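Per our numbering, residue 28 is the first one in the sequence shown, and the count goes up by one each step.
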Amino acid sequence: MGRYIDEILQPGEKVLYSTTIHGIIYVPGLLCLLLAAIGLFGAQMASNDGLQKILWVVSALLAAIAVFELLRAWFRRWIVETDVTSLRVVHKEGFIKRQTFEMSLDKIESVDVEQSIAGRIFGWGNVTVMGVGEGRKTIKMIASPLEFRNHITAR
Numbered sequence: 028m029g030r031y032i033d034e035i036l037q038p039g040e041k042v043l044y045s046t047t048i049h050g051i052i053y054v055p056g057l058l059c060l061l062l063a064a065i066g067l068f069g070a071q072m073a074s075n076d077g078l079q080k081i082l083w084v085v086s087a088l089l090a091a092i093a094v095f096e097l098l099r100a101w102f103r104r105w106i107v108e109t110d111v112t113s114l115r116v117v118h119k120e121g122f123i124k125r126q127t128f129e130m131s132l133d134k135i136e137s138v139d140v141e142q143s144i145a146g147r148i149f150g151w152g153n154v155t156v157m158g159v160g161e162g163r164k165t166i167k168m169i170a171s172p173l174e175f176r177n178h179i180t181a182r
């Protein structure tokens with residue numbers, strides 16, 4: 028399965044910038060994996076058989092949750108595409124049920140970037156693209172939001 032933008036490019040249109048959801052969405056799964064490893068270490072160190080069994084079960088549950096969260100984060104990043112082409116901004120979400128947002132660069136009135144302190148440190152944020160009239164789309168947690176905005180506004 029190819030990228031959505033490659034399927035919809037018009038003749039003469041070029042992709043200028045592509046991004047997706049920031050990798051920070053892997054953090055919950057990685058934290059669960061770390062806690063599972065700590066639980067396994069604790070189970071190895073435990074002298075009480077009852078405590079050891081409890082720690083094994085808790086570690087197994089945390090590992091299962093970690094795998095689920097990591098796969099979910101990977102899938103979410105895989106199904107979200109955000110691109111700036113020479114003619115428009117294109118945002119696509121979804122795998123089977125697809126939601127798209129496209130706006131011509133000529134119709135964009137402003138691009139607002141919202142970043143938390145952690146977002147500024149680690150490089151993610153929300154970008155709101157506002158078009159002439161009522162067109163408005165907020166794209167959440169994208170990587171390098173300032174660079175994304177600059178590719179839209181620098182024409």
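For each residue, glycine too, the CB sits at the ideal point set by N, CA and C. Note that the structure is a prediction, hence the values are computed from the model and not measured.
- Within its own chain, the residues whose Cβ lies closer than 6 Å to the Cβ of residue 120, once the five positions on either side in sequence are excluded, are 107 and 126, listed in chain order.
- Counting only runs of at least 3 residues, the region 145 to 173 fully encloses the following beta strand (DSSP E) elements, listed from N- to C-terminal order: 151 to 158 and 163 to 170.
- Within the region 91 to 152, the complete beta strand (DSSP E) segments at least 3 residues long are 108 to 112, 115 to 120, 126 to 131 and 135 to 141, listed from N- to C-terminus.
- Below 8 Å, too few C-beta pairs join the region 63 to 72 and the region 46 to 55 to call them touching: fewer than three.
- Between residue 138 and residue 111, the gap from beta carbon to beta carbon reaches 8 Å or more.
- Looking from the CA of residue 133, the closest CA among 148, 144, 147 and 160 belongs to 160.
- Leaving aside the five residues that flank residue 97 on each side, the residues in its chain whose CB is nearer than 6 Å to its CB run, in chain order, 56.
- Bounds of the beta strand (DSSP E) holding residue 44 are 42 to 46.
- Across the structure, residue 90 and residue 79 are spaced so that their CA atoms are roughly 16 Å apart.
- Fully contained in the region 45 to 75 are the following alpha helix (DSSP H) runs of length 4 or more, in chain order: 54 to 72.
- DSSP, read as helix, strand or coil, puts residue 37 in coil.
- Per DSSP, reduced to three states, the secondary structure at residue 29 is coil, with no helix or strand assignment.
- The C-alpha of residue 136 is placed about 16 Å away from the C-alpha of residue 113.
- Taken atom to atom, the span from the alpha-carbon of residue 46 to that of residue 116 is near 11 Å.
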